[in-house]
Amino acid sequence: MGEILHGIFINPFIEIAGAPDLFVQVLWEGFVSGTLYALIALGFVLIFKASGVFNFAQGIMVVFGALSLVGLFAAGVPAWLALILCIGIMFGLAWGVERVVLRNLVNQEPIILFMATIGLNYFLIGFGEFIFGGEPKTMITSEIGLPTGSFDFEVLGGLVSLQQIDVSAAVIAGLLVAGLAVFFNKTRIGRALRAVADDHQAAMSVGITLQQIWVIVWFAAGIVALTTGIMWGARSDVSFALSIVALKALPVLILGGFTSVPGAIVGGLIIGISEKLAEFYWGPLVGGSIESWFPYFLALIFLWFRPQGLFGERIIERV
Amino acid sequence: MLYRETGQFKTSYSADQAVFPIRQDLVGIWLILAFMFLVVPFTFNDFWLNSIMIPTLIFALAAIGLNILTGYAGQLSLGTGGFMGCGAYACLKLTTFFPDLNIIIVILMSGFFAAAVGFIFGLPSLRIKGFYLAVATLASQFFLEWAFGRIAWLYNYADSGAIEVPTRRIFDIAITGPHASSMTRYLVVLSIVVVLTWVASNLVRGRFGRSWMAVRDMDIAAELIGIRLLSTKLTAFSISSYYCGVAGAMMVFLWLGAAEVESFDINHSFLVLFMVIIGGLGSLLGAFLGAAFIWNLPILLRSAFGQTIDAASVEHISFMVVGALIIFFLIVEPHGFARMWQIAKEKLRLWPFPY
Amino acid sequence: MATETAQAAGEDTFPKLLLRNAVKFADRPAIREKDLGIWQTWTWSQVLDEVRAFAVGLSALGIKAGDKVAIVGDNRPRLYWTMCAAQSLGAVPIPVYQDSVAEEMKFVLEHAGATCAVVENQEQVDKILEIRESYKAIKTIVYDEDRGLKNYNVKGLYAFEDVQAKGRAALSDGAEAIWHEQIARGQPADTAIILYTSGTTGKPKGVVLTMENTLWAARVANRFDNLTENEETIAYLPMAWVGDHIFSYAQSYECGYCVNCPESPETVVDDRREIGTTYAFAPPRVYENLITLTMVRMEDAARIKRKMFDYFLALANRVGEKILNGEPVGVTDRLLYALGDFLVYAPIKNRFGLSKVRVGYTAGEAIGPEIFRFYRSLGINLKQLYGQTEAAVYITNQPDGEIYADTVGAPLEGIEVKVDDSGEVLYRSPGVFKEYYKNAKATRETKTKDGWVHSGDAGFIDDRGHLKIIDRAKDVGHLKDGTLFPPKYIENKLKFFPNIKEAVAIGDGRDYVACMVNIDLTAVGSWAERNNVVYASYQELAAHPDVYKMVEGHVAEVNRELAAEERVAGAQIQRFLVLHKELDADDGEITRTAKVRRSFVEERYKPLIDALFNRRKSSQHIKTEVTFEDGRKGAIEGDVEIRDMTPMPVAGTNRIAAE
Amino acid sequence: MSALETFVDAADETLLAVEGVTLSFGGVQAIKDVSFDIKKGEIRAIIGPNGAGKTSMLNVINGFYHPQKGKITFKGNTRTDMRPHVAATQGISRTFQNVALFRGMSTLDNIMTGRTLKMTTNLFWHLFRFGPAEQEELEHREFVERIIDFLEIQHIRKTPVGRLPYGLQKRVELGRALAAQPDLLLLDEPMAGMNLEEKEDMSRFVIDVNDQFGTTIALIEHDMGVVMDLSNRVVVLDHGEKIADGTPDEVKSNQDVIDAYLGVAH
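Chains as they are written, first to last, in the numbering used here: chain A, 49 to 367; chain B, 661 to 1015; chain C, 2 to 660; chain D, 80 to 345.
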C-alpha cells in the first residue's frame, strides 16, 4: 500500500528533481497535444455557441480536412491549389450540413441534433475513405511550406528537443485564435454571431438569417478543423484513428465549459499537459497507456466539484 | 383496418395493464414467438443463424439495456461497449473458476459484474447531467478498454490477449465453444433474450419504469414528489449494465467464440446507441427494430454490391449509408421506428378515419 | 299465451323475475358499469343481493306500497336496482329526466306525489333540496355518489350504501321472509312505472304502465328477435324515456341479458366499442350523428383513401342491402363487397362499436331513408320500429326479411293497428297503458273505451301490410292552394346533409313553403377550418355568405327530390334562412329528446317567419333571449339573411310514390 | 360554503409553522424574516405582487430551497431545511406554477408516479411482476382511478399529457399531487392562464379536496376573487416581507395591502 502511495505521490517529484530536462520535454509534449485538443474544442465551441448543436463530428472534420488535402495532392493537384480547394470543401460541407441536417432538425431536442452529428460523423468517415482510401497517409508538410526538423535546447543539464512543426503548430494556433477573436469582435458578421448565442432576434436584426449564420459558423469550425488536421497530420499520420483521439475534446470542454473560447484553450492545455505528465510519471505503475482514460477521470473529478465547468456560471435551479 | 377491437373489454386492472391489452397484438406476438422458436431453427441455414439472427438478438438485448438507461431514465451513455466487455470477461473468469457450472447460469451471472461496474460509474450522475454525464460514461468506456487490454488475468493470460471460449455442455449438448451448433446457440440466445425482454417489460411498466421516466421528463418535479434521484438513476445504471453485460457475454460465448479488446471498443457503444435511437428511445420494441436495422443494413448492402465492388469499398459505402440513414430517419421521425409503428398502429386502429 | 305460462310460473312481476334470474342465470352478468377505469360486473345473484338489501333498507326508512320513488340521474346500476327495489315493495318508480331544471322536475315530483328520491349525485341532491323548500312531501333522499355531500347536514339524506347497510342489518333480523312475501303479493295489474312524456306541447303527462304492460312488451320483443341471455346492450339514453326502460330494464329482466352502463356521457362511443353490443337501440339522431362524424372525418382523409371510401360506399349502396336481405347478387359484386367489408365496412362498424350488432333498432322519430339504407348497406341489421310510451314502446316492428326503408314495419303479434278516417293511426294491445296519472281528461281523449289508443300520427297501411307514418297528425298541413305539406318529411330530407343539424319547415295555410335551418357546428366548423373561414361564434358562422351558399345548394337538392315526387312536388322550399342561434333544450326550443317544439319555435321566431313570407324582405333583424348552461339569461341579436329559391320544374307523371 | 365554515371551527391545530425564514440568492434577498402558520384543515392563501417571494416560500416549505435563517415546524418536527423527497415523505406535496408534468407519460402514469412514495415492494418482485408487485400495482391503480374519477378526467386516462390542453394538464398535476395523500398540499397558482369556466372548475376541485379528504391547502393565487372565495386566511407578502395576515376580509381592508398589492399589481 505504502509503496503504491509512494509511487503516486512521492516518486514523481523525485524523478522530476532528478531529471528536470525530461520534465520540460514532457511539459512541451503536453503543451503541443494540448494545443491540438484546444483547437478541436474550439471548433466545437464555435458551433455549440451559435447553434446549440453538440457537434460530435468535429473530430472527423479534422481528419476529413487533412485527408482531402493529402488526397487532392496525391491526385496531382498542386499543394497551394489543394489547400484552397480544401477551404472550398469545408465551405461546401458547412453549406451541406445546414441545408440537409440543421434546417430539417431545427427545434428538435439537443439529443436528436447530437445524434445527427454522429450520423454525419459516420457519413464523413465512409465518404472520406470511399474517395481517398482507408489506409493512413502522410501529411504533405513541406509541400505546403511548413518547417520540418527540430530545435534542440540545452536545458537544466539535459537536452530538450522541440520539433519545428510543433512550434509552428503552436504559433499558428495562436494566430488562429487571434484571428477569430478579431473576427468576432471587430466585424459585423462576427458581432452578429455573438448576438445569436444570446438572442436570435437580435441577430436577425443585423440583417443575417439564422441559416446564414449556421453556414458561417460551421465554415469557421471547418477552417479550424482543417488547420488542426494539417498540424496533427504533420506530427503523425492522417487516418481515421484520430477520431477517437478527438473525443478528448470532451473532457477539454468539460473543463472549459461548452461555450467559452478561452475555456477551450485553457482546458485543452490542462488536459494535454496533465495527461502527458500522468502517463510519464504514473503510467508505469499500472502498465502504461493511461492517457487513454486519464483525461476523462480528471474531468470527472473536476465536474464533481464544479458541475458548471471552469468558466460556466453557477446554475440556480428553478421550479 | 386489421384491428377489430369491438367487444374487447376489461373487467380487471390486471387485464387492463397487460403488456398486450389488444387481443390482435397478443395473437401477433405469439405467432412471432412460435415462428422464432419452431420455424427459424429448423429452416434457416448456418449463415442466417450466425450472421443475422444471433447477432441481431444479442444486439437487441444490449439495446434494451441502453434503452433502459438512455430511453427510459434519460441518462446518456457512451459506455455500452465497456459494460458489454465486463459481462464477457466476467463470464470467462466465472467459467474458469466454476467449469462445471451450467453455462447459461454463468452467462446470466456475469451480468451482475457489469451491473456492479455500471453502478460505480453511475455515481457521478447525481451531480452531472446531460452531455456532461456522457463524459463520465466515456471515462468508464476508455478505462475498461484499457483494463481489458492491460490486465492479463482478465483474459487468462492467453498469448493472443484474447478471450478464448471453452466448450461447455448441458446434457451433453455443446452450448459454447467450437462444437456448439448454430441451432443450439440460436435457441439459447433466443430464450435468454425473450425472458430478459419480458423482465424488462415488467420493469418499465411498473413503479421502477415510472420513476425512471419521471426522472427523465422532469427530474426536479420527480424529486419533489418523493422520488430519490440517486437511487433511481443507480438502479437504471445497474439494470442497464446488467443487460449489456449479459449481451456481451452472449456475444463472445454464443456468437463470436473469441474476442479481443476491440470487440468492446467505443464503436460498439455507438453502434448500440444508434440502434436505440433509430429504433426509438423508450421502447423495447424499438430496441429490436433498431438492432435488426443497424446490424443487417451493411449485410444487405454487402450482398447488394458484393459482386461488383471490392470489400473495402462496400465497407465504406455502408458507413456512408448508415450515416446518411441516421440523419434521414432523424429528420423523418426523430423518435424512431417504434414511433413509426405506433403511428401506423394508431392509423390501423382508426382506419378508415384519419382521426 | 306466452304471458299465461309465465304467470303460472310466477314470473309476472319484475321482482319475481329477479328471483328467477338469480337462480337461472346466477353467475351470468346482469349489469356492468365502467367505473374507475374497468368494467365492474354484477351477476344476477349479486344484483338480487344488492336489490334486496336496498329494498329492505328503503322499507326500514318507511317506504311502502303505493309510495312514489323518483329516480334522477345518468344510467347507473344502482338507479336500475332502485326500480326493482321500489317495485318489490309495491312502490312505484318515477324516473325523471336528469337534465331537467329544478322547476321542471318539481312539476313531475309534485304531480306524481313522490315522497322519496333516489338520485345520482350532489347536483341532483341540490335540485331536490331546492324543490323540497316548496314541495315538502319528499322525506327521503338517497344519493349514489357521495362526492361533495360529506358535510351536508340535512334531514332524510342517505348514502345508497348506508341504506343498504340498514337493509342488510334488517335482513339478518329476519326481514328476508317479509320481503319475499311482499314480492309474492305483487300482481300483474300493479303499476310498474310512471313515465312522464316530455310532450311537444303543454305540461308532461304521466303514463301509467302496469307490470303486465311492460312485461308483455318485453316478452313480445324478446321473442320477436329471438333474444337470449347472451345479448349485450348499452344503456345510455335517459332512464325516464320509455325506450330505455323497456330495453335496459324490462327486456333484460325478462330474458336475462346484460346491460352496460357507460363511464360518462362523453365516452359512450368508446364504451360501446369496448362492450360490442349485440342488441342496439337508438333514436335516429344518434345514427345521424355517426354518419355526420364519418363524413366529416373522411373529408380530412387522404385523397386516395377518400376515393376508395367513396367507391366502396357506392358499391354498398348498390348491393349491400341486397346481400343483407339475402337477395341474389352477382359474383363480382359479392367479391368486391367482401373486399369493401375488409377495407371499409367492417372497420367503420368497429370504430362505432357496431360490429357485433345482431339487431339494431331506431325509433322515436322517422329516420331519413338514406340514413337507414346507409347502415343496412354496411351490413348492420338496422330495423325500424314504431312505438309510443303509451304502448310500452311496441306497435310495429320490421320483421327480418321485410325491411323497407319507407315503412316502420308490421304490427307485432297481439297488436291491432288501424287508421281512422282522418288518417290517424290507432292501436290496441296488452301493452297499452292504464291511464295518464291524475289526468282522466287526457286519458279519455287518447284512449277509447274499447282500448284503442290515438297515436296522434298520420299514416296508412300499405299493400304489404306495413305501416307508413307521414307525420304528426296535427302537423300535416296544406298550402293555401290545397297542396299537401308534410313538414317533417321535408325537414328529414334536409337533415340528411351532414351540414344541417335541424330544420323547421313552415307552410300550413301559407302560399308556399319556407324553411329555417340550423347548421351543424361540428360539420360546418370543420369545413370552415379547411377553407380558412374565420368565425367567432355560431351566429357569425351561420351568417357567412359561403355557408349560405352551401345551404342553398342543399335546399336546391331537396327541391329536386321533392319535384320528382308528384304528391309533394308543390311543397318545394321557396325561401329559407339560416337561424342565428342553435335550437336549444335549455331555451325550450327542442325537447329533452331533441324534438323540435314546433309551435313554440314558430311563436318565438315570428319576426323571422313573417319575413320569410314577405317576398320583399331579404333580411330581418331579431333579438332572442337565451339561457346559458348555468341558468343565466342573455340575448343574441342580429340580422338574418333570407334567400329565395327557384322551384324545380315538376318532372314527368310516372313517379315513384313518396317515400 | 357551509362546508367551509365547519372546517374553520374545527381547525385549531397548527400543521405548519414558519418562523423567521430568510432566504437569499447571492446578494438578492427573496424572503426576509417571514413567519406565519397554517392550521390543520384550512385553505391558506399566500398572495402578493410579482416577485414578492411567494414561490420561493413554497420552495422553502417543501425543501427545494434551504433558508439561511429561520425554522419550519411541520407536524411537530422542527427543521431548518431538508431534502425535497424527505418533505414529500412527511406529507407535503405540491403543484407548480408552470405545469411540471412528465410529458412523455400518460395521465394515468403521471398520477401513478405520484404514488411512488406509497409503494414499497422491492425490485425482485417487480422483475417478474409477480406476487406483491402485481398486487401493489393493482391496489394503487384503483386508488389512482378514484382520483381520476374525482377530477373527472376519465376520458384522458391514457392520453400522453403532452397532448392535453393547459387546463387539463393543471388538473392532472393536481391529481398527481393528490395521489401522495398529502397532509399539506401546496398549490402554486393553480388557476393561472385559465379561462373563467376552467377557473370555476378548479376552484370547485380545490374546495372538494379540502372538504372530501380534509387536506390542508396552501395556495398562491393572483386572482383576488378566487382567493377571497376559497381561503380561510390570507398571508400577504411584498418584496419578501410579510405585510399582512388574516381573514380575507381583514386583508382586503388593510391599507398596506391596498397600497402594496391592489394598487400596484392590478
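The beta carbon of each residue, even a glycine, is placed where N, CA and C say it ideally should be.
Could you check where the beta strand (DSSP E) with residue i kicks off and where it finishes?
i: Ser-114 (chain D); result: 107-118
i: Gly-280 (chain C); result: According to the sequence provided, residue 280 (chain C) is Tyr. The question's Gly does not apply to it. Unbroken beta strand (DSSP E) run through Tyr-280 (chain C): 280-283.
i: Gly-206 (chain A); result: 206-211
i: Leu-150 (chain C); result: First-last for Leu-150 (chain C): undefined, no H or E at that position.
i: Lys-469 (chain C); result: 468-473
i: Asn-398 (chain C); result: 394-398
Work out the CA separation of residue j and residue i for me, nearest whole Å.
i: Ile-673 (chain B); j: Val-120 (chain C); result: One point to set straight first is that residue 673 (chain B) is Tyr, not Ile, in the sequence displayed. Going by the C-alpha atoms only, they are around 28 Å apart.
i: Pro-329 (chain C); j: Met-1000 (chain B); result: 44 Å
i: Trp-330 (chain A); j: Pro-60 (chain A); result: 7 Å
i: Lys-552 (chain C); j: Asn-500 (chain C); result: Going by the sequence as given, residue 552 (chain C) is Val instead of Lys. Distance between the alpha carbons of Val-552 (chain C) and Asn-500 (chain C) is about 8 Å.
i: Ala-459 (chain C); j: Leu-609 (chain C); result: 28 Å
i: Ile-261 (chain A); j: Ala-98 (chain A); result: 8 Å
i: Ile-56 (chain A); j: Met-184 (chain D); result: 50 Å
i: Ala-441 (chain C); j: Gln-183 (chain C); result: 30 Å
i: Ser-116 (chain A); j: Ser-973 (chain B); result: 17 Å
i: Ala-411 (chain C); j: Leu-427 (chain C); result: 14 Å
i: Val-155 (chain C); j: Val-93 (chain C); result: 25 Å
i: Leu-316 (chain A); j: Thr-275 (chain A); result: Reading off the sequence shown, one finds Gly at residue 316 (chain A), where the question assumed Leu. Approximately 16 Å, taken between the alpha carbons.
i: Ala-297 (chain D); j: Asp-116 (chain D); result: 10 Å
i: Gly-320 (chain A); j: Thr-83 (chain A); result: 7 Å
i: Asp-342 (chain C); j: Leu-336 (chain C); result: 10 Å
Sorted by chain position, which residues of the same chain lie with C-beta nearer than 6 Å to residue i's C-beta, five sequence neighbours on each side aside?
i: Leu-196 (chain C); result: Val-208, Val-243 and Thr-390
i: Tyr-376 (chain C); result: Leu-383
Under DSSP, the alpha helix (DSSP H) around residue i begins and ends at which residues?
i: Thr-716 (chain B); result: 714-726
i: Leu-325 (chain C); result: 322-326
i: Ser-60 (chain C); result: 45-61
Within the same chain, show all residues whose beta-carbon is closer than 8 Å to that of residue i, passing over the 5 residues directly before and after it, in chain order.
i: Val-982 (chain B); result: Phe-934, Ile-954, Leu-957 and Pro-958
i: Ala-302 (chain C); result: Phe-310
Quick check: is any heavy atom of the ligand ZN less than 7 Å from the C-beta of residue i?
i: Asn-227 (chain C); result: No copy of the ligand ZN appears in this structure; indeed no ligand is present at all.
CB-CB under 7 Å to residue i, same chain, minus the five flanking residues each way: which ones, in chain order?
i: Ile-728 (chain B); result: Ala-860, Ala-896, Ile-899, Ser-900 and Tyr-903
i: Gln-176 (chain D); result: Thr-134, Asp-267, Glu-268 and Ala-271
| In chain order, which continuous runs of the beta strand (DSSP E) of length 3 or greater are located wholly inside the stretch 514-566 of chain C? | 514-520
| said: Just to confirm the assignment: which complete alpha helix (DSSP H) runs, minimum length 4, are found wholly within the stretch 303-336 of chain D? | reply: 303-309 and 327-332
| query | Of all the alpha helix (DSSP H) runs that stay within the bounds of the stretch 112-183 of chain D, which reach a length of 4 or more residues? | reply | 133-140 and 163-169
| query | Is the number of C-beta pairs between the stretch 220-228 of chain C and the stretch 74-81 of chain C that are closer than 8 Å three or more? | reply | no
| query | Can you find at least 3 beta carbon pairs, one from the stretch 624-635 of chain C and one from the stretch 395-404 of chain C, that sit closer than 8 Å? | reply | no
| Runs of alpha helix (DSSP H) wholly within the stretch 96-127 of chain A (minimum 4 residues, chain order) | 106-122
| Contact the stretch 38-47 of chain C vs the stretch 61-70 of chain C: 3+ CB pairs below 8 Å | no
| query | Where in the stretch 328-373 of chain C do unbroken runs of the alpha helix (DSSP H), each at least 4 residues long, occur, reported from the N-terminal end onward? | reply | 332-341 and 347-352
| query | If you pair each beta-carbon of the stretch 989-997 of chain B with each one of the stretch 932-951 of chain B, do three or more pairs fall below 8 Å? | reply | yes
| message | Across the stretch 901-920 of chain B and the stretch 715-733 of chain B, are there enough close Cβ pairs to call them in contact, namely three or more that are closer than 8 Å? | response | yes
| Which residue spans inside the stretch 271-298 of chain D form an unbroken alpha helix (DSSP H) run of at least 4? | 275-292
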